[in-house]
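Below you'll find the structure, written out as structure tokens, and then a few comments.
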Amino acid sequence: MVKTSVIIPVYNTSLYLEECIDSVFSQTQKEIEVIAINDGSTDDSWEVLLRLQKKYSQLIIMTQENRGLGYVRNVGIERARGEYIYFLDSDDYILENTLESCYRCASKNKLNIVLMDAFVFEDSAKRKMIEPNNCDRHDIIKEREEIFSGLYFIETYYRKSYNPMSQLMYCSAAFLKENNIWFLTGVYFEDHGFFCKAMILADRIMYMPEMFYQYRCRKDSITGSKFDLRKAKDHIEVISELDNLRSLGDGKGWHVIKKISLNMLLYVANVCYDNHLYDNDRELYIQIFNAWMKIYENSLENVDDLEEANCIYRICNFFPDSDFGEIKTQIVNRRRQLLIQTLAQLPLNQKEARIAIYGSGKYTDAILDFYEKWVGTLEADIIFLDSYIQEYNAKHRGY
Numbered sequence: 282m283v284k285t286s287v288i289i290p291v292y293n294t295s296l297y298l299e300e301c302i303d304s305v306f307s308q309t310q311k312e313i314e315v316i317a318i319n320d321g322s323t324d325d326s327w328e329v330l331l332r333l334q335k336k337y338s339q340l341i342i343m344t345q346e347n348r349g350l351g352y353v354r355n356v357g358i359e360r361a362r363g364e365y366i367y368f369l370d371s372d373d374y375i376l377e378n379t380l381e382s383c384y385r386c387a388s389k390n391k392l393n394i395v396l397m398d399a400f401v402f403e404d405s406a407k408r409k410m411i412e413p414n415n416c417d418r419h420d421i422i423k424e425r426e427e428i429f430s431g432l433y434f435i436e437t438y439y440r441k442s443y444n445p446m447s448q449l450m451y452c453s454a455a456f457l458k459e460n461n462i463w464f465l466t467g468v469y470f471e472d473h474g475f476f477c478k479a480m481i482l483a484d485r486i487m488y489m490p491e492m493f494y495q496y497r498c499r500k501d502s503i504t505g506s507k508f509d510l511r512k513a514k515d516h517i518e519v520i521s522e523l524d525n526l527r528s529l530g531d532g533k534g535w536h537v538i539k540k541i542s543l544n545m546l547l548y549v550a551n552v553c554y555d556n557h558l559y560d561n562d563r564e565l566y567i568q569i570f571n572a573w574m575k576i577y578e579n580s581l582e583n584v585d586d587l588e589e590a591n592c593i594y595r596i597c598n599f600f601p602d603s604d605f606g607e608i609k610t611q612i613v614n615r616r617r618q619l620l621i622q623t624l625a626q627l628p629l630n631q632k633e634a635r636i637a638i639y640g641s642g643k644y645t646d647a648i649l650d651f652y653e654k655w656v657g658t659l660e661a662d663i664i665f666l667d668s669y670i671q672e673y674n675a676k677h678r679g680y
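Residues in the sequence shown are numbered consecutively from 282, following our numbering.
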């Protein structure tokens, strides 16, 4: 019985291939199959694979024209015979107890997915750890030896530890295949859709606070290279594809996927501005605009969350008034409506109410000014709590 199928996409990584594949065949778990797929490499990666197959006769190697990481991983999923599937990049490697530890945890608890962490290091002889990074989550994820759903995980942790790397997921093969969980093909950042769909549908997940994965940061890798027009457009396409998850799992995960999509879109809008990509392709404005309008089914009236309205407002700040002045005004107005609705729930205008407000800085003042202008007068018995103020008789705004 094959316990784990390890899928290794290979593209121009001949310098690192041997260390990668050695790390798999050095695993304490021996009931494995290793599928290395050469994705049209232009260096001598294929020759290295042929040599490694002589060293490890059970190594399965395949070669094809360049189709991209998502396509290769999908081929691996179809080919895999193992009970569980693990994705490993060919310029990285894993610790020797990775597969056995994950399999033991997954099989004992009948899990869909085991989540792990990574040690991120620079591509040099010293292999110095790179900090900060979002691949070590042991201080963030509090559940230890607890089974939880994927929906619970992304709802709880997407703000602090959203990391869609498939290399940090040890997955049940049956779970992936029965639920048609595949990678988006032909684009960078193909992990996002795979991760989000898997999280929405997974009922049984555990997190192991172990840096099993050894992640090498290379300047010429997809993540290490400069953010260019191709990356911008691929990001936008991935965000648009996430819209297909709207009704998945009876729509229970859409509220989180929507926020993830908007934050990704804000990141793209910001990086495009920093890298002057709008100067090279003005169509980017339209593509980003269409992506967020698709999320709200082409109506700003469907924006019913203040956090989301703030995110769209920040995206719009990168757009020129000459082309987007009207839509920017609509967003400002919608944001104001939602803020009024939110603040109207606070009884600041009720004399019998006693309210403590933490903070007495510019943000508090801005909110209270807004309240007095759009909601009502301040009538409540208010005290201000501020960690910088040590005197009991200190006042703010006369309170």
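C-beta atoms are modelled at their ideal positions from N, C-alpha and C, and glycine is treated no differently.
Because the structure is a prediction, the values reported are computed rather than measured.
Between the segment 520 to 527 and the segment 396 to 415, can you find at least three pairs of beta-carbon atoms closer than 8 Å?
no
State whether the segment 415 to 423 contacts the segment 371 to 383, with contact taken as three or more CB pairs (one from each stretch) at a distance under 8 Å.
no
Have a look at the DSSP bridge pairing and note the partners of Ser528.
The residue you call residue 528 lines up with position 247 of the sequence shown. DSSP, once it has assigned bridges, lists no residue as partnering Ser528.
Simplified DSSP assignment, three categories, for Ser668
Counting from 1 along the sequence shown, the entry for residue 668 is found at position 387. DSSP places Ser668 in coil when its eight states are reduced to three.
Would Thr285 be called buried (16 or more neighbouring beta carbons within 10 Å of its own) or exposed?
The residue given as residue 285 occupies position 4 in the sequence shown. Looking at its Cβ environment, which holds 16 or more other Cβ atoms inside 10 Å, Thr285 is buried.
May I ask you to verify whether the segment 621 to 631 touches the segment 568 to 582, counting CB pairs closer than 8 Å and requiring at least 3?
no
With a CB to CB cut of under 8 Å and the five nearest residues on each side skipped, what residues in its chain are close to Val537?
By one-based count along the sequence shown, residue 537 stands at place 256. These residues qualify, in order along the chain: Leu432, Ile435, Glu436, Tyr439.
Would you call the CB atoms of Arg360 and Ile316 closer than 8 Å?
Residue numbering aside, residue 360 sits at position 79 when the sequence shown is read from its first letter. Residue numbering aside, residue 316 sits at position 35 when the sequence shown is read from its first letter. Taking 8 Å as the Cβ cut-off, Arg360 and Ile316 qualify as a contacting pair.
Less than 8 Å separating the beta-carbons of Val353 and Ser322?
Translated into the one-based positions of the sequence shown, residue 353 becomes position 72. Translated into the one-based positions of the sequence shown, residue 322 becomes position 41. Taking 8 Å as the Cβ cut-off, Val353 and Ser322 do not qualify as a contacting pair.
Would Ser453 and Tyr559 qualify as a contact pair, given that the criterion is a beta-carbon distance under 8 Å?
Locating residue 453 in the sequence shown gives position 172, where the first residue counts as 1. Locating residue 559 in the sequence shown gives position 278, where the first residue counts as 1. Taking 8 Å as the Cβ cut-off, Ser453 and Tyr559 do not qualify as a contacting pair.
Residue ranges of each beta strand (DSSP E) run of no fewer than 3 residues wholly in the segment 427 to 488, ordered along the chain?
450 to 453, 486 to 488
For Met343, which residues from the same chain have a beta carbon less than 6 Å from its beta carbon, with the 5 sequence-adjacent residues on both sides left out?
Here the question's residue 343 lines up with position 62 in the sequence shown. Counting only Cβ-Cβ distances below 6 Å, and skipping sequence neighbours, we find Ile318.
Please state whether DSSP places Phe306 in a helix, a strand or coil.
Against the sequence shown, residue 306 aligns to sequence position 25. Correct three-state label for Phe306: helix.
At which residue ranges does the segment 537 to 598 contain complete alpha helix (DSSP H) runs of 4 or more residues, listed in the order of the chain?
558 to 561, 564 to 576, 587 to 597
Where Val549 falls, given that 16 or more other Cβ within 10 Å makes a residue buried
Taking the sequence shown and counting its residues from 1, the one referred to as residue 549 is at position 268. That one is buried.
Ile411, DSSP secondary structure in three states
By one-based count along the sequence shown, residue 411 stands at place 130. Here Ile411 sits in coil by DSSP.
Within a Cβ cutoff of 8 Å, which residues of the same chain sit near Leu754, ignoring the five residues on either side of it in sequence?
Residue 754 is absent from the model: the chain starts at 282 and stops at 680.
Alpha carbon of Val584 to alpha carbon of Pro445, nearest angstrom:
On the sequence shown, residue 584 is found 303 positions in, with the first residue counted as 1. On the sequence shown, residue 445 is found 164 positions in, with the first residue counted as 1. Cα to Cα, Val584 sits roughly 26 Å from Pro445.
My output table needs one value for Phe368: the three-state DSSP class, helix, strand or coil.
The sequence position of residue 368 within the sequence shown is 87, counting from 1. Phe368 falls in the strand class under three-state DSSP.
Span separating the alpha-carbon of Lys540 from that of Tyr488:
The sequence position of residue 540 within the sequence shown is 259, counting from 1. The sequence position of residue 488 within the sequence shown is 207, counting from 1. Spanning the two alpha carbons is a distance of roughly 23 Å.
Nearest to Arg678 by CA position, among Gln671, Ala387, Asp662, is which residue?
As a working mapping, residue 678 is identified with position 397 in the sequence shown. The candidate whose alpha carbon is nearest that of Arg678 is Asp662.
Starting from the Cα of Lys407, find the closest Cα among Leu298, Phe570, Arg497 and give me that residue.
What you label residue 407 is simply residue 126 of the sequence shown in a count that begins at 1. Selected option, being the one with the closest Cα: Arg497.
Under three-state DSSP, which class holds Asp602?
As a working note, residue 602 is residue 321 in the sequence shown. The answer is helix: DSSP assigns Asp602 an H, G or I state.
Whose C-alpha, out of Glu653, Asn525, Leu510, Asn460, is nearest the C-alpha of Ser542?
Position 261 of the sequence shown, counted from the first residue, corresponds to residue 542. Checking every option, the nearest Cα to that of Ser542 belongs to Asn525.
Cross-strand partners of Leu340 (DSSP beta bridge)
Looking up residue 340 in the sequence shown gives position 59. DSSP lists Val315 as partners of Leu340.
Under 8 Å between C-beta atoms of Leu624 and Cys592:
The residue given as residue 624 occupies position 343 in the sequence shown. The residue given as residue 592 occupies position 311 in the sequence shown. Against a cut-off of 8 Å, the Cβ pair of Cys592 and Leu624 comes out as no contact.
Is it the case that the Cβ atoms of Phe368 and Ser447 are separated by a distance below 8 Å?
The residue labelled residue 368 in the question sits at position 87 within the sequence shown. The residue labelled residue 447 in the question sits at position 166 within the sequence shown. Result yes, Cβ atoms of Phe368 and Ser447 sit closer than 8 Å.
How would you call Ser371, buried or exposed, if buried means at least 16 neighbouring beta carbons within 10 angstroms?
Along the sequence shown, read from residue 1 onward, the residue named residue 371 stands at position 90. Buried: at least 16 other Cβ atoms inside 10 Å.
Going along the chain, which residues of its own chain have a beta-carbon closer than 8 Å to the beta-carbon of Phe605, five neighbours each way excluded?
If you number the sequence shown from 1, residue 605 lands on position 324. Hits under 8 Å: Tyr566, Phe570, Cys597.
Limits of the alpha helix (DSSP H) - the one that Leu510 falls within
Position 229 of the sequence shown, counted from the start, is the residue given in the question as residue 510. Per DSSP, Leu510 belongs to the alpha helix (DSSP H) from 510 to 523.
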